Each structure stands twice: as structure tokens, then as C-alpha cells.
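Trainee:
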Amino acid sequence: SLTAFAQTFEGKVTLAIEDEKSGETQSLDYFTDGTHGAFVVNQEGMDISLIMKKDTMFMVLHPMKMFVAVPFNGEGVKKEGIEEAEGSVVNTGETKVINGMNCTKYLIKTPDKDEATAWFTKELGGFFLFNFDNNGEGPAGMFGNLKELSNQFPVLITEMKDGKEVVMLEVKSVEKMTVDKKLFEIPSDYKSMEQGMFDGQ
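Count along the sequence shown starting at 1, add 132, and that's the number in the working numbering.
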């Protein structure tokens, strides 16, 4: 069942995301045709796609012609005996236009972090990483507790660090365009890589 948006966005969104370990800003491209979503990122010179299909995310490693399936309900990534950490999301009701999009301000408290301030829009469809519950580990990190926002898209997320406001995520550009459906498919000659290979890292 497809949710009918007032208007379905099709195109490319470029995001800048702060890497918490290195402090460097990483650029991510997100493509959607209104139904499917895919992130394309270049990590250490390697092109990687994150493709969402139903309740599975596929991490596609293009140079190696391999892919990894990551179930979205946290099965297979949950560590035994970890209590579900509770975060909270509060809708402040405050709105403003950012980059031409109507946004609503939310306050997000993560279990181990301070408050983050997040501006979300409904004009770009949903941000599928918010469905990804993996105890705050892995590619989705801080996004795991934000399921209730998964039908919206983050435009700006800031967090207070040492008394300074740090931008964690920011939409840099939005481009309406026809998206090639191949972006949401895994090429037929790519092989599946068992997740076990990642466990030792």
C-alpha cells in the first residue's frame, strides 16, 4: 500500500553528514522515484549503494561486484543482552522554510547523547534509514530510534557539542529529475557476500 503524498518527489537529494569518529563531513547522494530509495556514497574511493527493498537494505559494493543484505528489523544485527535504549522525539510544532521546503522542528534525545535539533520535511518522501533498528550501531547509527519520522525527510540536524552547535546532517541540494530505475536494482552478475565477513571488524 503506497502512501499518497500531496506530491511525490522524484529526484536527487545531496546530503552532508558529519562522521562522528573522524569529524569529517561526508557527502551522500539520495535518489528516489517516489517509491524506491537508494543512497550512493563514495567511501575510501569505493562506490557503495544502499538500496531499500521492502524490509531489507542491500549494501552494494560496486568495485567488488558484491552485495550484503541487511534485514531491517534488526534481526542478525542485534547483540544479545543489550537493553533497548530509549530515545525520545518531540515535535515542537515550530515550522520554517529551509531550501524552499516547509520544515517542522523536532527535538531528539538519544540515549547516550545530548539533545539534537532536527528539521524535517514531508516534501521529499520518507527517509528509510529511520526504520533501521540496530541499537545505534552500523551505518544508520543515530537514526535507529526515529521510526516515527520514517515518512519524513531530515533537512537539518544539529547537536550541541562542548557548548557549540555542530551540524550532523544537512541537505545541500534538491534536484527534481527522472531517476534511472537501474539505481534501485542489483546487477545480475553481482554476488552475495555473507554478513559474517563483517563480524570481525
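Note that beta-carbon positions come from the ideal geometry of N, C-alpha and C, so glycine has one too. This one's a predicted model, so the numbers in the text were calculated from it and none came from an experiment.
Quick check on the burial criterion: 16 or more other C-beta atoms within 10 angstroms. Buried or exposed for threonine 164?
Mentor: Reading the sequence shown from its first residue, position 32 is the one you call residue 164. Result: buried.
Trainee: Can you tell me whether glutamate 302 is buried or exposed, with buried defined as 16 or more other CB within 10 angstroms of its CB?
Mentor: Residue numbering aside, residue 302 sits at position 170 when the sequence shown is read from its first letter. Its Cβ being crowded by 16 or more others within 10 Å, glutamate 302 is buried.
Trainee: Give the DSSP-derived three-state secondary structure of leucine 315 in the structure shown.
Mentor: In the sequence shown, the residue the question calls residue 315 occupies position 183. Residue state, collapsed to three classes: helix.
Trainee: Measure from the alpha carbon of glutamine 284 to the alpha carbon of each residue in Lys323, Tyr238, Glu152, then state which is nearest.
Mentor: The residue labelled residue 284 in the question sits at position 152 within the sequence shown. Nearest C-alpha to glutamine 284: Tyr238.
Trainee: Report the rounded CA-to-CA distance for glycine 257 versus histidine 168, giving the unit in angstroms.
Mentor: As a working mapping, residue 257 is identified with position 125 in the sequence shown. As a working mapping, residue 168 is identified with position 36 in the sequence shown. About 10 Å.
Trainee: So what's leucine 288 in DSSP terms, helix, strand or just coil?
Mentor: For the purposes of this step, residue 288 is identified with residue 156 of the sequence shown, where counting begins at 1. If DSSP states are grouped into helix, strand and coil, leucine 288 belongs with the strands.
Trainee: Nearest to lysine 153 by alpha carbon, out of Lys313, Thr310, Met300, Lys296?
Mentor: Within the sequence shown, residue 153 is the residue found at index 21, counting from 1. Among Lys313, Thr310, Met300, Lys296, the Cα nearest to that of lysine 153 belongs to Met300.
Trainee: Nearest to serine 324 by CA position, among Ala201, Val221, Val306, Val311, is which residue?
Mentor: Along the sequence shown, one-based indexing puts residue 324 at 192. The option with the nearest alpha carbon to serine 324 is Ala201.
Trainee: Helix, strand or coil for leucine 281 per DSSP?
Mentor: The sequence position of residue 281 within the sequence shown is 149, counting from 1. Helix at leucine 281.
Trainee: Helix or strand or just coil, what does DSSP make of methionine 196?
Mentor: The sequence position of residue 196 within the sequence shown is 64, counting from 1. Reduced to three states, the DSSP call for methionine 196 is helix.
Trainee: Nearest-angstrom Cα distance between valine 222 and threonine 236?
Mentor: Your numbering for residue 222 matches position 90 in the sequence shown. Your numbering for residue 236 matches position 104 in the sequence shown. Cα to Cα, valine 222 sits roughly 11 Å from threonine 236.
Trainee: Please report how far the alpha carbon of threonine 188 lies from the alpha carbon of leucine 182, in whole angstroms.
Mentor: Numbered from its first residue, the sequence shown carries residue 188 at position 56. Numbered from its first residue, the sequence shown carries residue 182 at position 50. Cα to Cα, the separation comes out at about 10 Å.
Trainee: Would you call proline 286 buried or exposed, if buried means 16 or more other Cβ atoms sit within 10 Å of its Cβ?
Mentor: Here residue 286 refers to the residue found at position 154 when the sequence shown is read from its first residue. By the 10 Å Cβ count, proline 286 comes out buried.
Trainee: As a quick exercise: from Glu247, Ser305, Met196, pick the residue whose alpha carbon is nearest that of serine 220.
Mentor: Here residue 220 corresponds to residue number 88 of the sequence shown, with the count starting at 1. It is Glu247.
Trainee: In this structure, what does DSSP give as the bridge partners for methionine 300?
Mentor: Within the sequence shown, numbered from 1, the residue matching residue 300 stands at position 168. Answer is none; methionine 300 lacks a bridge partner.
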